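So the structure is just underneath, and the comments pick up after that.
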């Protein structure tokens, strides 16, 4: 792996030149960014994926939805539609993409929209009556055509951006200096018992600016798996023979949480569009066993498999400590607009 990285480093240098020039032009005002009078919160990362953006977006939705009219805006990765779309009762994963459809399915009371042109998407959302009071941009850290008022940067434990390289030698979309744009940095997917000493070691590596706070979160798995009509206790499911299916960037924690020695684990590419053949293959492996998948994969599979056969395991973001401090920082930002 190190040898391959060394071979690719010259190409990473070219990538750095392009992204550095782009950021320089935005930073100096040569390229213009749209700003809005409504609070806009951008969630993203420096790497290519697998940092837990969806759970963090859902955390903010839960924090804000009972206090403000909120909207989420995503590009709708791998959707089979184009342009601006506002989710309604006809929505599905093909129309919105898996993550926005997941947001809409769980929080139908909020506005969920997709548009690759984030400036247009925000403008369209603000034309609604009543208009949103807060807009959350999902996976928009590098989308500099919009200048958000508040940036939340995510980096995964065990794969922090300080230890990574630019594409293609590594997984970074832009150089580590891009972290300077963040208001808050969250190290995600941490062990729940991560010590204070280890946290400080990671903070030292990240080298945050004086104004940047660093927080640590873990993935909290639900105690129940669900489908459209019933649920099973997770402890019971762990002991059952089953098939585990995941089409996410880093599926191993999901597998490790549920699997036993008799289980089959089927891995697909992130945001995989399950074909009829894929479904037949899964059912052939499963036979009389249940299939348990991630929440993101469930929204793409639920209309293609028997309801009583397919279950999903919900997850949430859980702060190891200082969660209230994070909440206050977000709420204080919003209050500054009122």
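Numbering (the working numbering), first residue to last: 20 to 357. Glycine included, C-beta positions come from ideal geometry on N, C-alpha and C. Keep in mind the model is a prediction, meaning the values are calculated, not measured.
- DSSP places residue 69 outside both helix and strand once states are collapsed to three, so it counts as coil.
- For residue 280, no beta strand (DSSP E) run applies, since DSSP gives it neither H nor E.
- The continuous stretches of alpha helix (DSSP H) do not include residue 248, and DSSP gives it neither H nor E.
- Restricting attention to 264, 164 and 302, the CA atom closest to the CA of residue 54 is found in 164.
- Counted as a single uninterrupted DSSP element, the beta strand (DSSP E) harbouring residue 261 occupies residues 261 to 265.
- Residues 53, 164 and 165 of the same chain have their beta carbon placed closer than 8 Å to that of residue 138, with the five preceding and five following residues left out of the count.
- Assignment of residue 237 by DSSP, reduced to helix, strand and coil, places it in the strand class.
- Under the DSSP assignment, residue 112 falls in the alpha helix (DSSP H) whose first and last residues are 112 to 115.
- CA-CA distance, residue 243 to residue 338, rounds to 21 Å.
- Assigned with DSSP and collapsed to three states, residue 335 falls in strand.
- In this structure, the beta-carbon distance from residue 132 to residue 104 falls below 8 Å.
- Note that the C-beta distance between residue 183 and residue 177 is not below 8 Å.
- As the crow flies, the alpha-carbon of residue 287 is around 7 Å from that of residue 267.
- Residue 63 carries a strand assignment under DSSP once its states are collapsed to helix, strand and coil.
- Distance from the CA atom of residue 296 to the CA atom of residue 59, rounded to whole angstroms, is 41 Å.
- Here residue 38 carries a helix assignment [DSSP, helix/strand/coil].
- If you draw a straight line from the Cα of residue 216 to the Cα of residue 233, it is about 14 Å long.
- With contacts defined as CB atoms closer than 8 Å, residue 179 and residue 75 fail to qualify as a contacting pair.
- The beta carbons of residue 157 and residue 93 sit closer together than 8 Å.
- For the pair residue 208 and residue 238, the Cα-to-Cα distance works out to about 6 Å.
- A direct Cα-Cα distance of roughly 8 Å separates residue 161 from residue 65.
- Between the segment 193 to 201 and the segment 76 to 90, the count of Cβ pairs shorter than 8 Å is below three; the stretches do not touch.
- Within the same chain, 73, 93, 157 and 315 come within 7 Å of residue 118 by CB-CB distance, once the 5 residues on both sides are set aside.
- In this structure the segment 244 to 264 lies against the segment 274 to 286, because at least three pairs of beta carbons, one per stretch, are closer than 8 Å.
- Fully contained in the segment 69 to 133 are the following alpha helix (DSSP H) runs of length 4 or more, in chain order: 72 to 83, 112 to 115 and 117 to 125.
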